[in-house]
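K.L.:
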Amino acid sequence: MSILTIRKYPDPVLSKKSKPVENIDGRIAGLLHSMVDTMYSARGVGLAAPQVGVLERAIVIDTDPDDRGKKLVKLINPEIVERSGEITWEEGCLSVVNLTTEVTRSQHVVVRGWTVDQQEIEIEAEDLEAVCLQHEIDHLEGTLLVDHISRLKRDLYRRRLKKSERETDDILGGSGGAPRI
């Protein structure tokens, strides 16, 4: 099991657009496997490659983590080819700590991508699965959960995040990481 470090907002890599995967090979298969392990370890339902510092178009989702693997999807170069309806969902993000917000997205999507076996597939998804796919594909475009909230709420969130970092530094004795004695 290989657990990767999840990048946290405001890490600049999270705001960058990912490049298409050119070669589906063992490196990408290994990355996706590690992303699945990382997603489960973090108790998430989705993870995109930029969240682990890799600017390539690859995502994993599992909307039923209690029954691991049953609904697991690993996609390379995913793209939404069809969308319809509208749904508002309370979303959180492994890269945007301590923030949940309602986001309105398409209720139904068809996503085309590639498997690690180099097979092109289309996934038809609704409700939570559709929301997860759209959320992870947003990451590939450099769009974060904070980009779906108002500027005022985003500024308040940033201030709260900085305050939390300062308090952590005070507890740990500054940026050194060791407690002050």
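With our numbering applied, the sequence shown covers -12 to 168. All C-beta atoms, glycine included, are put in the ideal place defined by N, C-alpha and C.
Ordered along the chain, which non-local residues of its own chain (more than five positions away) have a Cβ less than 7 Å from that of Val41?
P.N.:
Working through the sequence shown from its first residue, we reach residue 41 at position 54. Within the same chain, Val41 has close Cβ partners Leu18.
K.L.:
Considering His95, what are the terminal residues of the beta strand (DSSP E) in which it resides?
P.N.:
Residue mapping note: residue 95 aligns to position 108 of the sequence shown, counting from 1. Note, His95: beta strand (DSSP E), 95 to 101.
K.L.:
Among the residues of its own chain, which have a CB less than 6 Å from the CB of Val23, if the five just before and after it don't count?
P.N.:
Indexing the sequence shown from 1 puts residue 23 at position 36. Excluding positions up to five away in sequence, the list reads Val47.
K.L.:
How long is the line joining the alpha carbons of Pro7 and Lys140, rounded to whole angstroms?
P.N.:
Residue 7 sits at position 20 when you count from the first residue of the sequence shown. Residue 140 sits at position 153 when you count from the first residue of the sequence shown. Whole-angstrom Cα-Cα distance: 32 Å.
K.L.:
Within 8 Å, do at least three Cβ pairs link the segment 101 to 114 to the segment 53 to 72?
P.N.:
Yes, the segment 53 to 72 touches the segment 101 to 114.
K.L.:
Along the chain, where does the alpha helix (DSSP H) that runs through Leu120 open and close?
P.N.:
Locating residue 120 in the sequence shown gives position 133, counting from the first residue. 114 to 127 is the span of the alpha helix (DSSP H), which, as asked, contains Leu120.
K.L.:
Which residues in the same chain have their Cβ closer than 7 Å to the Cβ of Ile168, if we skip the five residues on either side of it in sequence?
P.N.:
Working through the sequence shown from its first residue, we reach residue 168 at position 181. Any reading at Ile168 must be qualified, since the residue scores a pLDDT of 32, below 50, and its modelled position is unreliable; the value itself is stated next. Correct list: empty, nothing qualifies.
K.L.:
Where does Ser71 sit, in a helix, a strand or coil, going by DSSP?
P.N.:
Taking the first residue of the sequence shown as 1, we reach residue 71 at position 84. The answer is strand: DSSP assigns Ser71 an E or B state.
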